[in-house]
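*Asks:* The opening residue of the sequence shown carries number 1 in full-length UniProt numbering; numbering runs sequentially from there.
Glycine included, every Cβ here is placed at the ideal spot set by N, Cα and C.
Model, not experiment: these values are computed from the prediction.
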Amino acid sequence: MRREVCDSCLPAAQSLFEAMESHEPSTDSKDREERIRARRARIQEKVAAKQTGSSDAKSKVQKKKEVDRREVVKGKGQMAESKRRLQSLLEQGDEAVTKVRVEGDDSENNRRTNEEARRLDRRQKLLFEAESSARRNAAIAMKWAALFEKEVPLELLHEMEAQREACMKVISQKDELIKEFQGILKSKDEEYVKSLKRWSEDIDLLLASMTEQFQQQQQQYEQETEEIEAVFRQERKELIESNKKEMEALMEKRRNMEQAHMEERQRRIEANQEQLQRNRLKDNEAYTEKKITLESEIQKLEQQLEVMRATYQLNTEKLEYNFRVLSERDVENTNTINQQKRKLARLQDNLSSLMSKYNKTDKQYNQENINLTEEYRRITEQFQDLQMKYQHFQLADAKKFDEIWGMKEGEVKELLGQVLQADKIIHEQQLGLYWYPPDEDAVNLAFAESRQQARAMSKRKVQDASAQADNLQALMTDVSPEVRRMFNLLSDEGGFLVEAKIKGVVEEIARGEGERLKIESILKALGISSQQDVERLQRFFYSEDEQGESELISQDQACLAIKQFLKEQMAQSTVLTTTFHSTHDEGEERKSTSRNIWELCTSILSPKTFRVWTALEKFMIKYNDILTERSTLLDETRSLQTQNEELKLLLNQYLGSKINQELYVPPTATISRIGETA
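Following this line, the structure appears as structure tokens:
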């Protein structure tokens, strides 16, 4: 039962993986949830347009679409990762089972080759013995005519002795060949027993491996299903909240459609009744012929019904067992819900007390907020240093990945060659069929394209790393007078953004170099790494006067401009999103390439070939059973032959006993009388 439940996990997991393949919600989609998301987005767009205008509505709807897209990507990512782990586990199980099968096939192939050589040797001996025996028999037959011509008894005796010696030589030669073949037969029996023992060990090993793989797959399927269900439960909760609002608008529309549907249905019913009457008259004769045919089929189906009842009885027992297990789980879930309700009541009381504490500690956290601002500046600089280290390690990992890829590519090709060799042996030696080799050029081409793509990605990473390292230096060397004045204002008013160790260095070096280091430290703290960031910062430090010309803000407004720029910087999160998206896109590209290669490797052998292997395995098991039964029958035959010989000896002793002469009707007379009657 547990194995059937586990086997049903794979189609269920695959259906979950295919349920989230769509990327954009559309009202024309076949998926109900996708249509709901599309309608919800359309309603939100209309409501937002009425409240704040079309531009604000579009921005809100766009944000909502991005949130939905992230939710979908989250679910798809979990399912893709689960599918990858499950596929890896299945490949390991197939490799373990195939290893035992290939070893058995190789041993059987060697045995057959040796047996064919020994068979040819025995045939050659038989042919040689038959030829020599034929020559000697012909010589003996030719001498019989000469014996009849002999009239002297002594000469006749010598000739008969010579004939007897010639006949004994022929018989002794045949006896030696028989003994040799009996020895071979005995060695064959011993070899057969050893083969049975070896096959039994292989089967036990295969069963143990299958049991272990089954348990691992069951545990992995349960774990992956729980993780996917957790993600979908969160999405389901959000969908329920949006569906409640949409249901109110749809119910009115549904009532109108039901009314129109009822009227249309009434018209169709009347038309169908008229058509039904016409068809009833037309199909009367066909019904009679069909009735005769169906009565004969009913008799066959009744026989099948008896077979199905037995099957249904077994399925009923399985379902009852599952029902009892689910009932016990339902009781446990009910107890858990009651406990969670009591816990919720306690948490609500704690919430009330925590709200009162929050009002008291709000003032305390305002001061901590100032300290955290300084901490944010320090962490931002550490993050940029970490980002540079990350790029370095990313290049090292890419190089290491290319080396490992090249090593593993050779191993994969070697394994594919072994699989194809095993398939060729099975077709040509076991099945006696012609083997058609697959297209190996496609696999080699796929591996070559993957190597080229990996080299291109490594080269692009090196270029990006060098460009990012030189970016900040370019910003400081080639700037306009307006940007230079803005940098001077930042240097005068943004001293709190400069790290303490930089301040110590600035005091010890020349003024011009010190100002440059100070401005670089401020730009790093603000997260500025490109010309676009400088232009955005320039918009906060320049304002238009009455004549429409740009004017640098005063020193008192510098801190306010820095704060507004940081708010916009945090909202856009340019530093984080740029690194994340680039890394994510490269990872997805590499995963897509690897997935295509492994799918191509798995398609070397078609499902039809696996079915042939499975059928061959079943046949070999049946053949093993037949050979085992033959061995048992041979032992029984030898036992009966031994008993028969013992009974013959005992019967001869009874017949030759002297007591038979004293009987009126001895057993020999009875046996002769029975022989005459027969």
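1. Rounded to the nearest angstrom, how far is the Cβ of residue 170 from that of residue 137, given a contact under 8 Å?
2. Does the structure place the stretch 213-230 close enough to the stretch 79-95 that three or more beta carbon pairs sit under 8 Å?
3. Short of 6 Å in beta carbon distance, which residues of its chain neighbour residue 490, apart from the five on each side in sequence? Order them along the chain.
4. Thinking C-beta only, is residue 518 closer than 7 Å to residue 534?
5. Quick one: is residue 622 buried, meaning 16 or more other Cβ sit within 10 Å of its Cβ, or exposed?
6. Which one of 406, 422 and 404 has the shortest CA to CA distance from residue 98?
7. By the 10 Å Cβ neighbour count, where 16 or more other Cβ atoms means buried, how is residue 34 classified, buried or exposed?
8. Report yes or no: do three or more beta-carbon pairs, one from the stretch 228-237 and one from the stretch 102-120, lie closer than 8 Å?
9. Among 661, 430, 495 and 632, whose alpha-carbon lies nearest the alpha-carbon of residue 106?
10. What are the boundary residues of the alpha helix (DSSP H) that includes residue 434?
11. Applying the 10 Å Cβ sphere with the 16-neighbour rule, what's the burial state of residue 486?
12. Can you tell me the Cα-Cα spacing of residue 266 and residue 248, whole angstroms?
13. According to DSSP, is residue 327 helix, strand or coil?
14. Nearest CA to the CA of residue 236: which residue from 32, 217 and 319?
15. Rounded to a whole number of angstroms, what is the C-alpha to C-alpha distance between residue 555 and residue 561?
16. Pop quiz: residue 100 and residue 206 are said to be a contact at Cβ under 8 Å. What is the actual Cβ separation, rounded to whole angstroms?
17. Starting from the Cα of residue 92, find the closest Cα among 323, 209 and 132 and give me that residue.
18. Can you tell me whether residue 157 is buried or exposed, with buried defined as 16 or more other CB within 10 angstroms of its CB?
19. At which residues does the beta strand (DSSP E) containing residue 493 begin and terminate?
20. Straight-line CA distance for residue 683 to residue 174?
21. If I follow the unbroken alpha helix (DSSP H) through residue 649, where does it start and stop?
22. Would residue 565 and residue 553 qualify as a contact pair, given that the criterion is a beta-carbon distance under 7 Å?
23. By DSSP, does residue 414 sit in helix, in strand, or in coil?
24. With C-beta atoms as the reference, is residue 427 less than 7 Å away from residue 420?
25. Nearest CA to the CA of residue 43: which residue from 202, 135, 242 and 163?
26. Looking only at its own chain, which residues have a Cβ that is under 7 Å from the Cβ of residue 615, when we skip the five neighbours before and after it?
27. First and last residue of the beta strand (DSSP E) that includes residue 157?
28. Give the secondary structure of residue 530 by DSSP, where H, G and I count as helix, E and B as strand, and everything else as coil.
29. Helix, strand or coil for residue 67? Go by DSSP, reduced to three states.
30. Between the stretch 138-145 and the stretch 157-167, do at least 3 Cβ pairs fall closer than 8 Å?
31. Rounded to a whole number of angstroms, what is the C-alpha to C-alpha distance between residue 81 and residue 302?
32. Under three-state DSSP, which class holds residue 107?
33. Where does residue 310 land, buried or exposed, given buried means 16+ other C-beta within 10 angstroms?
34. Where does the unbroken beta strand (DSSP E) through residue 543 begin, and where does it stop?
*Replies:* Judging by the given coordinates:
1. In the sequence shown, counting from the first residue as 1, residue 170 sits at position 170. In the sequence shown, counting from the first residue as 1, residue 137 sits at position 137. Rounded, the Cβ-Cβ distance is 7 Å, consistent with contact.
2. yes
3. As a working note, residue 490 is residue 490 in the sequence shown. Excluding sequence neighbours, residue 490 sits near 522.
4. The residue labelled residue 534 in the question sits at position 534 within the sequence shown. The residue labelled residue 518 in the question sits at position 518 within the sequence shown. No, they are not a contact pair.
5. Reading the sequence shown from its first residue, position 622 is the one you call residue 622. So residue 622 counts as exposed.
6. Residue mapping note: residue 98 aligns to position 98 of the sequence shown, counting from 1. The shortest C-alpha separation from residue 98 is found at 422.
7. Residue numbering aside, residue 34 sits at position 34 when the sequence shown is read from its first letter. Looking at its Cβ environment, which holds 16 or more other Cβ atoms inside 10 Å, residue 34 is buried.
8. no
9. Your numbering for residue 106 matches position 106 in the sequence shown. Out of 661, 430, 495 and 632, 430 has the C-alpha closest to the C-alpha of residue 106.
10. Taking the sequence shown and counting its residues from 1, the one referred to as residue 434 is at position 434. Counting along the chain, residue 434 falls outside any alpha helix (DSSP H), and DSSP gives it neither H nor E.
11. Taking the first residue of the sequence shown as 1, we reach residue 486 at position 486. Classification for residue 486: buried.
12. Locating residue 266 in the sequence shown gives position 266, counting from the first residue. Locating residue 248 in the sequence shown gives position 248, counting from the first residue. Cα to Cα, the separation comes out at about 28 Å.
13. Within the sequence shown, numbered from 1, the residue matching residue 327 stands at position 327. If DSSP states are grouped into helix, strand and coil, residue 327 belongs with the helices.
14. In the sequence shown, counting from the first residue as 1, residue 236 sits at position 236. Measuring from the Cα of residue 236, the nearest candidate turns out to be 32.
15. On the sequence shown, residue 555 is found 555 positions in, with the first residue counted as 1. On the sequence shown, residue 561 is found 561 positions in, with the first residue counted as 1. So the alpha carbons of these two residues sit roughly 10 Å apart.
16. If you number the sequence shown from 1, residue 100 lands on position 100. If you number the sequence shown from 1, residue 206 lands on position 206. About 5 Å separates the two Cβ atoms, so the contact holds.
17. Within the sequence shown, numbered from 1, the residue matching residue 92 stands at position 92. Of the listed residues, the one whose Cα sits closest to residue 92 is 209.
18. Here residue 157 refers to the residue found at position 157 of the sequence shown. Burial call: exposed.
19. For the purposes of this step, residue 493 is taken as residue 493 along the sequence shown, with counting starting at 1. Counting along the chain, residue 493 falls outside any beta strand (DSSP E), though it belongs to the alpha helix (DSSP H) covering 481-493.
20. This structure cannot speak to residue 683, because the chain is shown only from 1 to 678.
21. Numbered from 1 along the sequence shown, position 649 holds the residue referred to as residue 649. Run containing residue 649: 607-655, per the alpha helix (DSSP H) assignment.
22. As a position in the sequence shown, residue 565 is number 565, starting the count at 1. As a position in the sequence shown, residue 553 is number 553, starting the count at 1. No, the Cβ-Cβ distance between residue 565 and residue 553 is not below 7 Å.
23. By 1-based counting over the sequence shown, the position of residue 414 is 414. Three-state DSSP puts residue 414 in a helix.
24. The residue labelled residue 427 in the question sits at position 427 within the sequence shown. The residue labelled residue 420 in the question sits at position 420 within the sequence shown. No; because the gap between Cβ atoms is not below 7 Å, this pair is not in contact.
25. Walking along the sequence shown from the start, residue 43 turns up at place 43. Measuring from the Cα of residue 43, the nearest candidate turns out to be 242.
26. Numbered from its first residue, the sequence shown carries residue 615 at position 615. Result list for residue 615: empty, nothing under 7 Å.
27. The residue labelled residue 157 in the question sits at position 157 within the sequence shown. No beta strand (DSSP E) contains residue 157, which is instead part of the alpha helix (DSSP H) from 153-282.
28. Taking the sequence shown and counting its residues from 1, one reaches residue 530 at position 530. In this structure, residue 530 counts as coil in the three-state DSSP scheme.
29. The count along the sequence shown starts at 1 and reaches residue 67 at position 67. Because residue 67 carries a pLDDT of 49, less than 50, the predicted location of this residue cannot be relied on, and the following value inherits that uncertainty. Looking at residue 67 - three-state DSSP - the assignment turns out to be helix.
30. yes
31. If you number the sequence shown from 1, residue 81 lands on position 81. If you number the sequence shown from 1, residue 302 lands on position 302. The straight-line gap from Cα to Cα measures roughly 50 Å.
32. Here residue 107 corresponds to residue number 107 of the sequence shown, with the count starting at 1. In this structure, residue 107 counts as helix in the three-state DSSP scheme.
33. By one-based count along the sequence shown, residue 310 stands at place 310. By the 10 Å Cβ count, residue 310 comes out exposed.
34. Translated into positions along the sequence shown, residue 543 becomes position 543. Where residue 543 is concerned, the enclosing beta strand (DSSP E) stretches over 542-544.
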